[in-house]
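Structure record follows, encoded as structure tokens.
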Amino acid sequence: MRVVIVTESFPPDVNGVAHCALQTARHLVDRGHHPLVVAPAPAPGSRPDTDAPCPVVRIPSLPLPGYPQVRVALPSRRLAAALVSHRPDVVHLASPFVLGVRGMAAAARLGTPAVAVYQTDLAGYARTYMGAGEAAAWRRIRSVHAAADRTLAPSSAAQADLEVHGVPRVRLWPRGVDTARFRPEHRDEALRRELAPNGELIVGYVGRLAPEKHVELLSGVCGLPGLRLVVVGDGPSQAHLTEALPGATFLGRRTGDELARIFASLDLFVHTGPFETFCQTVQEAMASGVPVVAPAAGGPLDLVAHGRTGLLVPPCDATAVQEAVRALAADPARRAAYGAAARAMVEGRTWAAVGDQLIAHYDDVLATRKTAVAA
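For what it's worth, numbering that gives the first Met the number 0 labels the leading residue of the sequence shown as 0, then goes sequentially.
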């Protein structure tokens, strides 16, 4: 099968869309298919696509004003030319918004089926950054995804949101996790002594440091005795958060095996963002055998079994976050049981398993299109 993956983000970018697009390309190659990636060009000076498993066509881009870590593709003939040259059986649109919309139009002109993967809660971002515009964001989402042969939602909450707002042909497709890289055995006592020299319990957050993540909700955790807060990631809120989270250790962006070592060395993982359509870092913490505190909203509802692998708390409630952390910090046996259950829960959620589910969606879309043409 020949597939063009049109993605709004791709490594060296570090985010859920980029990571999922990379894993999708890798799995397609592993299964003997022929993918091509089309993505915005990274920032000048970024490393080339030497780690990509397939050819990558880069579209000229500019940084998003106020959020330079996000690159927005400029209009370019390269996208249409890439589709014509590759002759795909299906076009995969990863979180279509700007480049993906152009990819959808190009696929339609060629009569090629398109599968759109919903990953970003644009309506939630509109509320965060503009204080309004949620209805307009949903109109945009509905318009984009209604043109696809199938929309894949990463969680049951995201699927319900899409269907309520009139998006047709929605199916569930979750995300995988690298259970070989993220595992409890990578716990590093030397790293723990470095991060918590007085033997404190280590509470960690991993993710973008941006307004929609509401990392400031961890301020109450900083005041709990015997705990050390460790923050991994970067973004436009970093300067603000260094003031809002006194005593926290900021490690910046970490990836790969180094990130896996940090995850496994935590005693407790806390996620604060209420707009997660999936929340990959929760799943990586669980694979690392670490109990989780997360908001009872969006993707975490599917991932965290409340009272078994972690605790779900009301979204945007700093007191609830603090109390959940306090309760687990005081109960080492409960933390150990939650961490073991978390690892067991995700062991079957490998990228290979969910990648095969994706290929099954492709096959179903192609069969449906073939039936429609024959009729």
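Glycine residues also receive a C-beta, built at the ideal position from the N, C-alpha and C atoms.
* **A326 to A189 span [Cα, whole Å]** => 26 Å
* Asked: What's the gap between the Cα of A335 and the Cα of S264?
  -> 13 Å
* **Helix, strand or coil at R46 [DSSP, three-state]** => coil
* Asked: Should R86 go down as buried or exposed, given a rule of 16 or more other Cβ atoms within 10 Å for buried?
  -> exposed
* Mind listing, in chain order, the continuous alpha helix (DSSP H) runs of no fewer than 4 residues lying wholly within the region 322-349? => 331-345
* On the three-pair Cβ rule with 8 Å, is the region 282-294 touching the region 190-201? -> no
* Exposed or buried, P173, counting other C-beta atoms within 10 Å across all chains shown (16 or more means buried)? -> buried
* Asked: Smallest Cα separation from G222: which of R108, D12, L244, A209?
  -> L244
* Excluding the 5 residues preceding and the 5 following E283 in the sequence, name in chain order all residues of the same chain whose CB lies nearer than 7 Å to its CB. => V176, F181, F262
* Cβ contact check for the region 94-113 and the region 44-55: 3 or more pairs under 8 Å -> no
* **Residues bridged to A115 [DSSP beta-bridge criterion]** => L92, T150
* Asked: Does the region 200-207 touch the region 297-316, meaning 3 or more C-beta pairs lie closer than 8 Å?
  -> no
* **Nearest residue (CA-CA) to A156, options V169, D148, H144, R30** => V169
* **Inter-residue spacing [alpha-carbon to alpha-carbon] between D48 and R139** => 31 Å
* To do: Name the residue from R207, E162, L300 whose alpha carbon lies nearest to the alpha carbon of R252.
  => R207
* To do: Please determine, among Q118, I358, V16, the residue with the shortest C-alpha to C-alpha distance to D29.
  => I358
* **Counted within 10 angstroms of its Cβ, other Cβ atoms place A147 as buried (16 or more) or exposed** => buried
* For the ligand SAH, is there a heavy atom less than 7 Å away from the beta-carbon of R348? -> For the ligand SAH, the structure offers nothing, since it holds no ligand at all.
* Reference D256; option with closest CA among E184, G219, R46 -> E184
* Asked: Nearest CA to the CA of R1: which residue from G31, K369, L250, S8?
  -> G31
* Pull up the distance between the alpha-carbon of P39 and that of S60, whole angstroms please. => 6 Å
* **Helix, strand or coil at A209 according to DSSP, with G and I counted as helix** => coil
* Compare the C-alpha of V71 against each of A79, F96, A81 and name the closest. => F96
* To do: Determine, using beta carbons only, whether G110 and V37 come nearer to each other than 8 Å.
  => no
* Could you check if E7 is buried or exposed, using at least 16 other CB atoms within 10 Å of its CB as the buried criterion? => buried
* Based on Cα-Cα distance, which residue from I4, L21, G15, L82 lies nearest to A351? -> L21
* **Nearest-angstrom Cα separation, counted from L27 out to Q356** => 11 Å
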